[in-house]
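Enquirer: Just so you know, the protein sequences line up as chains Z and F, in that order.
The first sequence: position 23 = 30 (this note's numbering), numbered continuously.
The second sequence: position 40 = 47 (this note's numbering), numbered continuously.
All C-beta atoms, glycine included, are put in the ideal place defined by N, C-alpha and C.
What you are looking at is a predicted structure, and each value in this text was computed from that prediction instead of being measured.
Mind looking over this structure? Questions follow.
There are 2 protein chains.
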Amino acid sequence: MAQGMTRRGAILTVGALSLAGAANAEGQNRVERWGLYEIALPATAVGNPFDVKLVGVFTNGRTTLRAPGFYDGEGVWRIRFSPPETGAWRWTSESSLSALDGRQGGFEAMAPGAGNHGPVGVVETYHFAYADGTPYRQIGTTAYGWTHQPQAKRAQTLETLKTAPFNKMRMLVFPNASVKTNEALFPFEKTGAGEKDWDLTRFNPAYFHRLEACVAALGALGIEADVILFHPYDGRYGFDEMPAEADDRYVRYVVARLSAYRNVWWSMANEFDILKTKTDGDWDRIFQGVQASDPYGRLRSIHNWRRLYDNCKPWVTHSSIQNGSAVLDDARAETYRSVWKKAVVFDEVCYEGSLSERWGNLTGPQMVRAFWHGLIAGTYVGHSECFPIDGGEFWLGEGGELRGESAPRLAFLKSIMEAGPPPGIEPIDKWWEQHLGGAPGQYYLRYFGDDAPAEWAVDIPRDEITGGERFRADVIDTWNMTVEPAPGVFTLAQKDTKYFFHDPARPTLALPGRKWMAVRLTRVA
Amino acid sequence: MAQGMTRRGAILTVGALSLAGAANAEGQNRVERWGLYEIALPATAVGNPFDVKLVGVFTNGRTTLRAPGFYDGEGVWRIRFSPPETGAWRWTSESSLSALDGRQGGFEAMAPGAGNHGPVGVVETYHFAYADGTPYRQIGTTAYGWTHQPQAKRAQTLETLKTAPFNKMRMLVFPNASVKTNEALFPFEKTGAGEKDWDLTRFNPAYFHRLEACVAALGALGIEADVILFHPYDGRYGFDEMPAEADDRYVRYVVARLSAYRNVWWSMANEFDILKTKTDGDWDRIFQGVQASDPYGRLRSIHNWRRLYDNCKPWVTHSSIQNGSAVLDDARAETYRSVWKKAVVFDEVCYEGSLSERWGNLTGPQMVRAFWHGLIAGTYVGHSECFPIDGGEFWLGEGGELRGESAPRLAFLKSIMEAGPPPGIEPIDKWWEQHLGGAPGQYYLRYFGDDAPAEWAVDIPRDEITGGERFRADVIDTWNMTVEPAPGVFTLAQKDTKYFFHDPARPTLALPGRKWMAVRLTRVA
């Protein structure tokens, strides 16, 4: 009989799962909505056990989902499922191995517990929210190889994240030859002494147990895991140049193992255009492979170097962009929304750091400025850091500890975002140099970047304004993290041009003449 | 027997074509390569003569093209053809009307005459060239309703264009209710006294004779006609809300009449997203209809208001963008290339003028600045003017005369473009704030916009540079139209960063501290 259990919370210590004993009665029969329900099925296969086809068909009578199963070593196959709705679910297995075929069971999906808001999806074209409707205000970071580090370093990374503002982590599945890979775990079975001697049809479950533990640990901290399936930083193990068949098999395996974790996002690649062995057609196929295998439709994107993938393609849920110059100016950033009509995350905009490489030496203020320009453009931005510690390690490569100045300011930014209109900021009167984001008629955020004005003419574009609206103003210092309310209110009237409204009695707002200031206008009820 | 003739040159006076007499012996038997060969076929139809299907199948043994025919009134059908290759061509007609079916003939396509470079197409992804390889350096203008003006005003427009720098004219097919339509010609047969009483299945050949004469007249001046098939400025005649069947019939008719004119480009619409009666699916279908009917594959685009069409779609040959803010900054402009990987023309960037509307009050320097920012981004820009003359007419609406300051500066710009690398300028080290366009290793153009520096650090990005290259420099005043060579040469060596080369002996170039300056570096042979 199949065993069902939840493993959420059993995080860093997880290894090979034992079949009996790990499951308790509650785990077998109940799981939270959006939680992880797991079925373990022991059997004996003839031939390669990874070749066995297995799927769990889950239904609550209204919704039926096909969750792929996978071989997890030691004679055990597993099927993981994340129920999208509360109530009773039944499942049946389908398999090419008769011992795994036609197995059945059921469980109850309970109301989600505290902190479980469900998976993140795209809402209102350009923004993100959890499945329960809670806005998701993306403040991402990247530590490519953190899952490949020794346990102590992984624990340090998680400790750092506990008090950091980040709610998304970009991370590689495959090891990165240019990053120290201190634990000798690899995703495939070795077939010889050479660094590229792999049996690409046989996975190493221990490698994926560690990866899953990391994904689960992020989930426990409320952090989305942007799982990067391919990358060009190999040059050693050959995982960047596998044949298409091996790529597809690998994608299916990763999706089968991870898609039930509600905090998983799929990034097809980092700097996809450096991977010269793959064409755009290959990426199309990989996207479609993920889409076909993942019953939940987790977020899907692809990250560029110099050449952009066509993000209009229907399998792209949002744009994941590398371009530091785009977030020097909200109008540049906004263009990516307008052209693709999808949510935009500038996942790589250069990093705060002290490297001589130009992508790794932003000052703290420059890192923070990028987020603010992105915010008022209605887009999202990602952080990382490159301050080498002993041995040359830094957050971007290995995780560990943060040494820069931006993180507290990004926490402050996040608090501003969370107090703003849900699900997010829209650019206002775009293409007309307003540098304003918000919700027309209700909320305006003006960001001044490197300008240091002594006053601002409070001219509000006419959208959703008819005159008589009253707003209060806050002067925000994005670097010193202060919010100073301006006294009184602004009562809007038509200006001498049809395009703007303002308060004739107080057409300007005094500002302190410092850089990196913002003004927030909030409608008075 | 069919009559063949050329009409190129018989321009403003053209009316209904007479069958006999208009053709001369040379016209019947010979036409220039890329010229216009026309067959006139008299017949008598039962029912609506516009419903008769007619196509000419043209072949030279290697290439076979199907040129659509059309009913031209007075019992005559015509087939127009523009031979893409020199040599002997044979044709056969296919028709639903037996009198028009199976007609045959032949002619010789001669070498093109002076000034005939063939049609313009996209080359090297982002640029344009004539079919004979001559680069086409786009300097467009717009006079939406010029073809609907009285003959004297049309002649004035052509006189103006004779000495203006413009090599493309954007123009509406349908009349524009907000523009004076002084000649009472309409594209369809009237069926009653109401302004919307049209038989949408019967065209008015006289309307199209005038339109064709205008297209031909532009062609004679070396000006491409960007023919706008639909627009939202009607509100009176109802051509903006025809049923899909009428749209398609109209598109086929216009394409049959105009596609053989080598200077025709197709613009599906102006401000397509204001046309609320059409969906993106309608635009897809209209694009595909043009593509299917036009045997030459003339350039195809669609022009936006606030919402962008997906220019990645395969039937879009280049992007035609309205966005004035994009050309305030080359990095903004460049984004449109990177996302769609197609040539970009910013056809509407606000206009030089004196209107109170914010889209019609650029100063001359602002109009010219837009072209320069666009140029170094590797894109192209369009001009127009709104200086109302008596009665409120201005160039943008009706054509006529130019009153602004930008046109001579755009002629100067064009001379700089023509002296530059073919087929056009590429952005250099994009996304890294260089504000440089050119051809790496050979030619660099730095534009300073509103900055007024007293010197420029001549730091050249490393692409195609290894050290030892020698460049001479010109200081260009884009407004005062001067080119001042700097003495001596710059000999490049690696800088103290891996990203740049410069001349250690003269790391900077003196500049006059004025706005709107540029520097050109040209490799010394």
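In this structure, how does DSSP classify F/ASP481 when only helix, strand and coil are distinguished?
Expert: Looking at F/ASP481 - three-state DSSP - the assignment turns out to be strand.
Enquirer: Can you give me the start and stop residues for the alpha helix (DSSP H) that Z/PRO492 sits inside?
Expert: Here Z/PRO492 belongs to no alpha helix (DSSP H); instead the beta strand (DSSP E) covers 489 to 492.
Enquirer: Could you tell me the alpha carbon to alpha carbon distance between Z/ARG537 and Z/ASN368, rounded to whole angstroms?
Expert: Given that chain Z is displayed from residue 8 to residue 532, the structure contains no residue 537 of chain Z and the question cannot be resolved.
Enquirer: In terms of residue numbering, what span does the beta strand (DSSP E) encompassing Z/ARG73 cover?
Expert: First-last of the beta strand (DSSP E) with Z/ARG73: 71 to 78.
Enquirer: To the nearest angstrom, how far is it from the Cα of F/GLN298 to the Cα of F/VAL129?
Expert: If I take the Cα positions, the gap works out to 15 Å.
Enquirer: For the candidate residues Z/TYR257, Z/ILE235, Z/ALA377, Z/THR148, whose alpha-carbon lies nearest to that of Z/PHE210?
Expert: Ranking the options by Cα distance to Z/PHE210, first place goes to Z/TYR257.
Enquirer: Is F/SER327 helix, strand or coil by DSSP?
Expert: Correct three-state label for F/SER327: strand.
Enquirer: Looking at the C-beta of F/SER363, does it have a partner C-beta in chain Z at a distance below 9 Å?
Expert: F/SER363 counts as touching chain Z.
Enquirer: Quick check: is the beta carbon of F/ASP336 nearer than 9 Å to any beta carbon in chain Z?
Expert: It does: the Cβ of F/ASP336 has a partner Cβ on chain Z nearer than 9 Å.
Enquirer: Look up Z/ALA461 in the DSSP assignment and say whether it is helix, strand or coil.
Expert: Z/ALA461 falls in the coil class under three-state DSSP.
Enquirer: Could you spell out the range, first to last residue, of the alpha helix (DSSP H) harbouring Z/ARG256?
Expert: It spans 251 to 265 - the alpha helix (DSSP H) in which Z/ARG256 sits, taken as one unbroken run.
Enquirer: Might you give, ordered along the chain, the residues of its own chain that have their beta carbon closer than 6 Å to the beta carbon of Z/ILE86, omitting 5 neighbours on each side?
Expert: Here the set comprises ILE46, GLY63, ALA74, GLY76.
Enquirer: Let me check understanding here. Comparing Cα to Cα, which of Z/TYR240, Z/THR154, Z/PHE237 lies closest to Z/ALA213?
Expert: Comparing Cα positions, the closest option is Z/THR154.
Enquirer: Can you pull the chain Z residues whose beta carbon is under 8 Å from the beta carbon of F/CYS221, in chain order?
Expert: Neighbours of F/CYS221 on chain Z: none; closest Cβ ~32 Å, over 8 Å.
Enquirer: So with CB distances below 8 Å, who are the chain A contacts of Z/ASP503?
Expert: No chain A is present in this structure, whose protein chains are Z and F.
Enquirer: Measuring alpha carbon to alpha carbon, tell me which of Z/VAL388, Z/LEU409, Z/GLY385 ends up nearest Z/ILE396.
Expert: The shortest Cα separation from Z/ILE396 among Z/VAL388, Z/LEU409, Z/GLY385 belongs to Z/LEU409.
Enquirer: Any idea what DSSP makes of F/HIS238, helix, strand or coil?
Expert: Three-state DSSP puts F/HIS238 in coil, outside helix and strand.
Enquirer: Taking the continuous alpha helix (DSSP H) assigned at F/VAL375, which residues delimit it?
Expert: Looking at the DSSP string, the run of the alpha helix (DSSP H) that includes F/VAL375 is 371 to 383.
Enquirer: For Z/LYS197, I'd like the list of residues in its chain whose CB is within less than 7 Å of its CB, leaving aside the five on either flank, ordered along the chain.
Expert: Contacts found: ASP204, TRP205.
Enquirer: At a Cβ threshold of 9 Å, is F/GLU440 touching chain Z?
Expert: Yes - at least one Cβ of chain Z is within 9 Å of the one on F/GLU440.
Enquirer: Can you name, in chain order, every residue of its own chain whose Cβ lies under 6 Å from the Cβ of F/LEU420, other than the five neighbours on each side?
Expert: If we look at F/LEU420 and ignore the five residues flanking it on each side, its Cβ neighbours are PHE378.
Enquirer: Please state if the CB of Z/CYS319 and the CB of Z/TRP347 are separated by a distance shorter than 9 Å.
Expert: Taking 9 Å as the Cβ cut-off, Z/TRP347 and Z/CYS319 qualify as a contacting pair.
Enquirer: So, for F/HIS124: in the same chain, excluding its five sequence neighbours on each side, which residues have a beta-carbon less than 6 Å away from its beta-carbon?
Expert: Correct list, in chain order: TYR137, ASP139, THR141.
Enquirer: I believe F/GLN441 touches F/ILE435 by the beta-carbon criterion, under 8 Å. Please report the beta-carbon distance rounded to the nearest angstrom.
Expert: Indeed, because the Cβ distance is near 6 Å, the residues count as touching under 8 Å.
Enquirer: DSSP has Z/PRO194 in a bridge; who is on the other side?
Expert: None, per the DSSP bridge assignment.
Enquirer: Looking at C-alpha atoms only, which residue of F/TRP273, F/VAL222, F/GLU39, F/GLU364 is the closest neighbour of Z/PHE507?
Expert: Checked all of F/TRP273, F/VAL222, F/GLU39, F/GLU364; the closest Cα to Z/PHE507 is F/GLU364.
Enquirer: Just grab the DSSP bridge partners of F/MET117 for me.
Expert: Looking at the DSSP assignment, F/MET117 forms a beta bridge with F/GLU39.
Enquirer: Is Z/SER391 close to chain F, meaning its C-beta is less than 9 Å from at least one C-beta of that chain?
Expert: Closer than 9 Å: no.
Enquirer: Using 10 angstroms around the beta-carbon of F/GLY112, count the other beta-carbons present and answer buried if the total reaches 16, otherwise exposed.
Expert: Counting Cβ neighbours within 10 Å, F/GLY112 comes out buried, since at least 16 surround it.
Enquirer: Pick helix, strand or coil for F/THR342, following the three-state DSSP scheme.
Expert: Looking at F/THR342 - three-state DSSP - the assignment turns out to be helix.
Enquirer: Where Z/TRP272 and Z/ASN330 are concerned, what is the direct C-alpha to C-alpha distance, given to the nearest angstrom?
Expert: If you take the alpha carbons of Z/TRP272 and Z/ASN330, they lie about 21 Å apart.
Enquirer: Measure the alpha-carbon distance for Z/ARG175 versus Z/GLU131 and round it to whole angstroms.
Expert: Before going on, a small fix: residue 175 of chain Z reads as Lys here, not Arg. Distance between the alpha carbons of Z/LYS175 and Z/GLU131: 20 Å.
Enquirer: Using alpha carbons as the reference points, say which of Z/THR208, Z/HIS238, Z/VAL222 lies closest to Z/ASN183.
Expert: Looking at the Cα atoms, Z/HIS238 is the closest of the given residues.
Enquirer: Going along chain Z in order, which residues have a C-beta closer than 7 Å to the C-beta of F/SER332?
Expert: The answer, in chain order, is ALA338, TRP438, TRP439, GLU440.
Enquirer: Taking the alpha helix (DSSP H) that Z/GLY87 belongs to, which residues open and close that run?
Expert: Sequence check: residue 87 of chain Z is Arg here, not Gly. Looking at the DSSP string, Z/ARG87 is not in any alpha helix (DSSP H); the run it does join, the beta strand (DSSP E), is 83 to 88.
Enquirer: Compute the Euclidean distance between the alpha carbons of F/GLY34 and F/SER89, then round it to the nearest angstrom.
Expert: Reliability fails at F/GLY34, whose pLDDT of 40 lies under 50, so the model's placement of it is uncertain and the value that follows must be treated cautiously. Those two C-alpha atoms are separated by around 13 Å.
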